[in-house]
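**Student:**
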Amino acid sequence: MATLEIDEEVYEALQIPEGERPQAMKQELAVSLYARDVLSFGKARALAELSHREFQRLLGDREIPRHYTDTELAEDLDYAE
Numbered sequence: 001m002a003t004l005e006i007d008e009e010v011y012e013a014l015q016i017p018e019g020e021r022p023q024a025m026k027q028e029l030a031v032s033l034y035a036r037d038v039l040s041f042g043k044a045r046a047l048a049e050l051s052h053r054e055f056q057r058l059l060g061d062r063e064i065p066r067h068y069t070d071t072e073l074a075e076d077l078d079y080a081e
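Sequential numbering of the sequence shown, starting at 1, is according to the working numbering.
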């Protein structure tokens, strides 16, 4: 596990209710890293602590396209047979 330190003044300035901040920040980081192709869908979803469907919906709400590789396509086609 890694810990990320955020300046208290910055943390307090967040326009998010205090009880929702840790989860919201994980989701923001996950979406950002996924959008930049730094994290895979599965790892970003795990970071966001969301189900497959919930993370897919979050990406859709943000209009972030799903990265779909040739390998994933081949795996899906194999599964479909």
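A virtual CB, placed ideally from N, CA and C, is assigned to each residue, including glycine.
1) Among the residues of its own chain, which have a CB less than 8 Å from the CB of Leu33, if the five just before and after it don't count?
2) According to the Cβ coordinates, are Arg21 and Leu29 closer than 7 Å?
3) Compare the beta carbon distance of Arg62 and Val31 with 7 Å and say whether it is the shorter of the two.
4) Rank Glu18, Tyr79 and Asp37 by C-alpha distance to the C-alpha of His67 and give the top, closest one.
5) Measure the C-alpha to C-alpha separation of Glu5 and Tyr11 and round it to an integer number of angstroms.
**Tutor:** On the basis of the supplied data:
1) The residue you call residue 33 lines up with position 33 of the sequence shown. Counting only Cβ-Cβ distances below 8 Å, and skipping sequence neighbours, we find Leu39, Ala44 and Leu47.
2) Here residue 21 refers to the residue found at position 21 of the sequence shown. Here residue 29 refers to the residue found at position 29 of the sequence shown. Contact: no.
3) For the purposes of this step, residue 62 is taken as residue 62 along the sequence shown, with counting starting at 1. For the purposes of this step, residue 31 is taken as residue 31 along the sequence shown, with counting starting at 1. Cβ distance < 7 Å, so Arg62 and Val31 count as in contact.
4) By one-based count along the sequence shown, residue 67 stands at place 67. Closest by alpha carbon: Asp37.
5) Start at 1 with the first residue of the sequence shown, and residue 5 comes out as number 5. Start at 1 with the first residue of the sequence shown, and residue 11 comes out as number 11. Their Cα atoms are separated by approximately 10 Å.
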